[in-house]
């Protein structure tokens with residue numbers, strides 16, 4: 001298995017108390033008059049799988065986008081692996097960003113490249129791997145996601161589910177410590193969802209990669225999560241292990257939301 | 263009006279010379295306008311307005327003044343400042359420059375048409391800015407704009423006769439010269455008219471082939 005990630009052995013992650021790999025403090029994000037995140041504090045322990053649930057517009061995706069530096073907070077600080085991601089100089093941002101990978105709702109594969117080059121491009125140009133090393137790593141990852149025979153295909157020749165599995169392989173090829181999954185099955189035809197979720201379950205089980213996952217797939221959230229955060233209007237309404245959140249939620253808002261989606 | 267095949271035959275050597283000059287002007291003008299237009303388009307995305315503003319002003323000026331005026335200016339005024347080029351060089355540069363102010367807009371549209379998700383994926387993979395442009399954005403943008411650039415090649419072809427005004431003997435220049443010397447207008451003008459249609463048809467075939475190769 002090649003998707004092992006460097007993990008600090010000193011970190012014995014105990015939920016809520018361990019050294020946190022990802023930490024957001026007092027983060028506020030506004031779009032115009034609309035406050036998407038309102039003084040948010042939250043952290044993720046190394047190696048944990050955290051799922052963010054909640055109604056659309058509650059700020060879940062914004063958290064992932066902030067961590068990927070696709071947008072910046074209006075206030076607050078973001079720390080990853082003990083180092084400041086925001087606010088921080090551009091050079092430092094580039095360094096820390098190497099620890100983070102993201103899979104998008106709409107895959108965002110590069111249509112002008114083959115599947116193989118989609119996966120090898122960043123390891124070669126960013127991490128400085130040789131072409132051979134990068135291709136070997138890409139082949140292993142394509143094996144992992146069940147697409148070993150597609151390395152010469154173009155993204156446009158693949159189904160949505162296959163494209164998303166390539167996108168997962170592409171993100172893992174950078175060996176990130178944190179993998180951000182942004183509604184990765186929302187744009188897929190229903191029959192293709194299971195294949196993608198199986199791959200992610202496999203990765204969650206067999207690696208110590210930290211996962212931060214925004215999803216509407218409650219069954220999947222229950223399966224892989226160590227912790228589930230229920231969001232509403234830019235705040236964490238309720239947090240806890242999946243058995244608790246899905247089985248016996250304390251907050252009325254959580255119950256309402258779950259009864260609406262389940 | 264009588265048609266004289268003898269005059270056609272007589273005109274042929276001059277026609278060939280003119281055709282070669284027209285093709286040269288077209289090919290080099292295209293290359294210059296494609297390259298310079300891309301440079302303008304990229305400079306217009308510079309983070310500082312101290313780059314964007316002058317580039318915007320100059321290109322706006324060039325786009326909104328007639329090519330013929332620019333030809334005269336470059337050919338008759340530049341030498342006064344000690345810059346002298348051959349008529350053909352001046353003409354090729356003028357056409358390339360003039361059309362680059364159009365192709366820059368084509369490139370801009372092509373660049374803006376690349377989905378935001380492509381930039382985001384490049385950021386997520388930590389690709390350096392330059393690499394994002396050369397490996398991700400431009401290949402997709404340019405693929406999209408080849409048909410629009412092709413239209414400007416045809417336009418440029420139809421503007422090459424303007425080079426006659428600065429003494430370049432392209433097809434129209436040769437036809438006029440022949441006409442004035444032999445008092446035969448019908449044959450040379452018909453020959454170059456047909457040649458213009460053929461060249462633009464061939465150019466469009468070439469561009470369509472290029473398009474098919476790129477759009478895969």
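Chains as they are written, first to last, in our numbering: chain W, 1 to 262; chain D, 263 to 478. Using N, Cα and C, we set each Cβ at its ideal position, and we do this for glycine too.
Can you give me the C-alpha to C-alpha distance between residue 307 of chain D and residue 398 of chain D, rounded to a whole angstrom?
One-based indexing of the second chain puts residue 307 of chain D at position 45. One-based indexing of the second chain puts residue 398 of chain D at position 136. About 16 Å.
Determine which residues of the segment 87–104 of chain W have a Cβ less than 7 Å from any Cβ of chain D, and write them out in chain order.
Under the 7 Å Cβ criterion, the segment 87–104 of chain W contributes 94, 97, 98, 101, 102, 104.
Would you mind giving the Cβ-Cβ distance between residue 329 of chain D and residue 356 of chain D, rounded to the nearest angstrom? I have them listed as a contact below 8 Å.
Looking up residue 329 of chain D in the second chain gives position 67. Looking up residue 356 of chain D in the second chain gives position 94. Yes, they are in contact, since the Cβ atoms of residue 329 of chain D and residue 356 of chain D sit about 7 Å apart, within 8 Å.
Quick check: what's the CA-CA separation for residue 64 of chain W versus residue 255 of chain W?
The residue labelled residue 64 of chain W in the question sits at position 64 within the first chain. The residue labelled residue 255 of chain W in the question sits at position 255 within the first chain. Approximately 24 Å between the Cα atoms of the pair.
Between which two residues does the beta strand (DSSP E) harbouring residue 388 of chain D extend?
Translated into the one-based positions of the second chain, residue 388 of chain D becomes position 126. Run containing residue 388 of chain D: none; DSSP gives neither H nor E here.
Measure the alpha-carbon distance for residue 281 of chain D versus residue 432 of chain D and round it to whole angstroms.
Counting from one through the second chain, the residue named residue 281 of chain D turns up at place 19. Counting from one through the second chain, the residue named residue 432 of chain D turns up at place 170. Taking the straight line from one Cα to the other gives about 6 Å.
Suppose only complete runs of 3+ residues qualify. What are the beta strand (DSSP E) ranges in the segment 283–358 of chain D, listed by chain order?
DSSP runs (the beta strand (DSSP E)) wholly in the segment 283–358 of chain D: none.
So which of W:34, W:230, W:244, W:242 has the shortest CA-CA distance to residue 253 of chain W?
On the first chain, position 253 is the one that residue 253 of chain W refers to. Cα-wise, what sits closest to residue 253 of chain W is W:230.
Would you mind giving the Cβ-Cβ distance between residue 403 of chain D and residue 108 of chain W, rounded to the nearest angstrom? I have them listed as a contact below 8 Å.
Reading the second chain from its first residue, position 141 is the one you call residue 403 of chain D. Reading the first chain from its first residue, position 108 is the one you call residue 108 of chain W. That pair is no contact at about 16 Å.
Grouping DSSP H, G and I as helix and E and B as strand, with all else coil, what is residue 49 of chain W?
Reading the first chain from its first residue, position 49 is the one you call residue 49 of chain W. Note: residue 49 of chain W maps to strand in three-state DSSP.
Output, in chain order, the set of chain D residues within a Cβ distance shorter than 8 Å of residue 125 of chain W.
Your numbering for residue 125 of chain W matches position 125 in the first chain. Within chain D, the residues near residue 125 of chain W are 389, 390, 393, 397.
Roughly how many angstroms lie between the CA atoms of residue 1 of chain W and residue 474 of chain D, to the nearest whole one?
Against the first chain, residue 1 of chain W aligns to sequence position 1. Against the second chain, residue 474 of chain D aligns to sequence position 212. Note that residue 1 of chain W has pLDDT 38, beneath the 50 cutoff, so the model's placement of it is unreliable and the number below is only indicative. So the two alpha carbons sit approximately 41 Å from each other.
Taking the DSSP output, what are the residues bridged to residue 43 of chain W?
Here residue 43 of chain W refers to the residue found at position 43 when the first chain is read from its first residue. Note: residue 43 of chain W sits in a beta bridge opposite W:23.
Just to confirm the assignment, what range does the alpha helix (DSSP H) spanning residue 110 of chain W have?
Position 110 of the first chain, counted from the first residue, corresponds to residue 110 of chain W. It is not in any alpha helix (DSSP H) - residue 110 of chain W carries neither H nor E in the DSSP assignment.
Could you spell out where the alpha helix (DSSP H) holding residue 253 of chain W opens and where it closes?
Numbered from its first residue, the first chain carries residue 253 of chain W at position 253. Residue 253 of chain W -> alpha helix (DSSP H) spans 252–261.
Short of 8 Å in beta carbon distance, which residues of its chain neighbour residue 122 of chain W, apart from the five on each side in sequence? Order them along the chain.
By one-based count along the first chain, residue 122 of chain W stands at place 122. Only 170, 173, 174 meet the Cβ criterion.
Mark residue 301 of chain D as exposed unless 16 or more other C-beta atoms lie within 10 angstroms of its C-beta, in which case mark it buried.
For the purposes of this step, residue 301 of chain D is identified with residue 39 of the second chain, where counting begins at 1. Per the 10 Å Cβ criterion, exposed.
According to DSSP, is residue 453 of chain D helix, strand or coil?
Position 191 of the second chain holds residue 453 of chain D. Residue 453 of chain D falls in the helix class under three-state DSSP.
Could you spell out where the alpha helix (DSSP H) holding residue 204 of chain W opens and where it closes?
Along the first chain, one-based indexing puts residue 204 of chain W at 204. Its alpha helix (DSSP H) spans residues 190–206.
Can you check which of these residues, D:445, D:442, D:461, D:411, is closest to residue 299 of chain D by C-alpha distance?
Against the second chain, residue 299 of chain D aligns to sequence position 37. Answer by Cα proximity: D:411.
Would you tell me roughly how many angstroms separate the C-alpha atoms of residue 212 of chain W and residue 59 of chain W, rounded to the nearest one?
By one-based count along the first chain, residue 212 of chain W stands at place 212. By one-based count along the first chain, residue 59 of chain W stands at place 59. Each residue's alpha carbon lies about 14 Å from the other.
Which whole-angstrom value describes the C-beta separation of residue 104 of chain W and residue 189 of chain W, a residue pair presumed to lie in contact below a C-beta threshold of 8 Å?
The count along the first chain starts at 1 and reaches residue 104 of chain W at position 104. The count along the first chain starts at 1 and reaches residue 189 of chain W at position 189. With 8 Å as the limit, residue 104 of chain W and residue 189 of chain W do not qualify as a contact, their Cβ atoms being about 17 Å apart.
Does the Cβ-Cβ distance between residue 227 of chain W and residue 241 of chain W come in under 8 Å?
Position 227 of the first chain, counted from the start, is the residue given in the question as residue 227 of chain W. Position 241 of the first chain, counted from the start, is the residue given in the question as residue 241 of chain W. Their beta carbons are under 8 Å apart, which means residue 227 of chain W touches residue 241 of chain W by this criterion.
Quick check on the burial criterion: 16 or more other C-beta atoms within 10 angstroms. Buried or exposed for residue 243 of chain W?
As a first step, residue 243 of chain W is located in the first chain; it is residue number 243 there, counting from the start. Classification for residue 243 of chain W: exposed.
Using a Cβ cut-off of 7 Å, pull out every chain D residue sitting near residue 69 of chain W, in sequence order please.
Numbered from its first residue, the first chain carries residue 69 of chain W at position 69. Here the neighbours are 385.
Leaving out five residues before and five after residue 4 of chain W in sequence, what residues of the same chain have Cβ atoms less than 6 Å from its Cβ?
For the purposes of this step, residue 4 of chain W is taken as residue 4 along the first chain, with counting starting at 1. With a pLDDT of only 40 at residue 4 of chain W, under 50, the local geometry of the prediction cannot be trusted, and no value is derived from it.
Check this for me: beta carbons of residue 160 of chain W and residue 386 of chain D, under 8 Å apart or not?
Your numbering for residue 160 of chain W matches position 160 in the first chain. Your numbering for residue 386 of chain D matches position 124 in the second chain. Contact flag unset, no.
From the DSSP output, in three-state form, read off residue 28 of chain W for me.
Here residue 28 of chain W refers to the residue found at position 28 of the first chain. Note: residue 28 of chain W maps to strand in three-state DSSP.
For the segment 364–381 of chain D, enumerate the residues whose C-beta is nearer than 7 Å to any C-beta of chain W, in chain order.
Listed by position, the residues of the segment 364–381 of chain D near chain W (Cβ gap below 7 Å) are 379, 380.
Can you list, in chain order, the residues of the segment 401–427 of chain D whose Cβ is nearer than 8 Å to any Cβ on chain W?
Hits within the stretch, in order: 401, 402, 405.
Going by the beta-carbon positions, is the gap between residue 407 of chain D and residue 376 of chain D smaller than 8 Å?
Start at 1 with the first residue of the second chain, and residue 407 of chain D comes out as number 145. Start at 1 with the first residue of the second chain, and residue 376 of chain D comes out as number 114. The answer is no: Cβ separation not under 8 Å.
Whose C-beta lies closer than 6 Å to the C-beta of residue 295 of chain D among residues of the same chain, with five residues either side of it excluded?
Looking up residue 295 of chain D in the second chain gives position 33. Answer for residue 295 of chain D: 358, 361, 362, 365, listed in chain order.
Sort W:24, W:176, W:203 by Cα distance to residue 223 of chain W and report the nearest one.
Translated into positions along the first chain, residue 223 of chain W becomes position 223. Among W:24, W:176, W:203, the Cα nearest to that of residue 223 of chain W is on W:203.
Excluding the five sequence neighbours on either side, which residues of its own chain have a C-beta within less than 7 Å of the C-beta of residue 13 of chain W, listed in chain order?
Taking the first chain and counting its residues from 1, the one referred to as residue 13 of chain W is at position 13. Its pLDDT being 38, under 50, residue 13 of chain W is placed unreliably in this model, and the value from its coordinates should be taken loosely. Correct list, in chain order: 45, 46, 47, 48.
Is the beta carbon of residue 389 of chain D sitting closer than 8 Å to the one on residue 124 of chain W?
In the second chain, the residue the question calls residue 389 of chain D occupies position 127. In the first chain, the residue the question calls residue 124 of chain W occupies position 124. It is not a contact, given that the beta carbons lie outside the stated cut-off.
State whether the segment 129–137 of chain W contacts the segment 74–86 of chain W, with contact taken as three or more CB pairs (one from each stretch) at a distance under 8 Å.
Contact fails: fewer than three Cβ-Cβ distances are below 8 Å.
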